[in-house]
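*Asks:* This is the structure I want to talk about, given as structure tokens.
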Amino acid sequence: MCTFIGIESVTANAFIELLEKQNKMEVSFDTLVRYGMQVGRILQEKSNDEPVLLFSRKYQINMLENYSDFFEADLSYGSQRMFRLKCKNKQKTLHALTTNFRWTMGMPLLEAFMSIDALHELGINP
24 MCTFIGIESV TANAFIELLE KQNKMEVSFD TLVRYGMQVG RILQEKSNDE PVLLFSRKYQ
84 INMLENYSDF FEADLSYGSQ RMFRLKCKNK QKTLHALTTN FRWTMGMPLL EAFMSIDALH
144 ELGINP
């Protein structure tokens, strides 16, 4: 069976972890790709599901349009695309991200997003 993992899920889960553990509100596209790839590997090992990562420019644009309350892109870093979290209140933002992106997620995928190996790709050492 295939499990489709959209860039919005990867980005939201990255920001949940980064905001909670390091108070960071921006992440590079390259870091998101590494995090998503590691999540996919972990998911495949634990559940035998075949992960399909949806990271193309089309999906990036869709994420920014559909979740503009949460995310914005910053292209001022030259060739490196950065995504920034819009956050006025840390606790409210964490609650909203968790509600929108984790409550309906299956446990194998959630555990993969929260795994130590995946968090290392974000620069988090629990």
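Heads up, my numbering is the position in the sequence shown plus 23, with the first residue counted as 1. We put the CB at the ideal spot given by N, CA and C, even for glycine. Everything numeric in this text was worked out from a predicted model, so none of it was measured.
1) Taking 7 angstroms as the limit between beta carbons, can you name the residues of its chain near Ile39, skipping five residues before and five after?
2) Contact defined as beta carbons within less than 8 angstroms: I believe Phe94 pairs with Leu108. What is the distance between those atoms, to the nearest angstrom?
3) Does the region 48-56 come into contact with the region 121-135, if we say contact requires no fewer than three beta-carbon pairs (one atom in each stretch) closer than 8 angstroms?
4) If Leu55 and Ala37 are in contact, beta carbons under 8 angstroms, what's the gap, nearest whole angstrom?
5) So Leu29 is in the beta strand (DSSP E); what residue range does that whole segment cover?
*Replies:* If we stick to the structure as given:
1) Mapped onto the sequence shown, residue 39 falls at position 16. Cβ within range, chain order: Leu117, Leu120, Thr121.
2) Mapped onto the sequence shown, residue 94 falls at position 71. Mapped onto the sequence shown, residue 108 falls at position 85. Confirmed, about 6 angstroms.
3) no
4) Sequence index remark: in the sequence shown, residue 55 carries index 32 (1-based). Sequence index remark: in the sequence shown, residue 37 carries index 14 (1-based). About 6 angstroms separates the two Cβ atoms, so the contact holds.
5) Here the question's residue 29 lines up with position 6 in the sequence shown. It should be pointed out that residue 29 corresponds to Gly in this sequence rather than to Leu. Looking at the DSSP string, the run of the beta strand (DSSP E) that includes Gly29 is 25-29.
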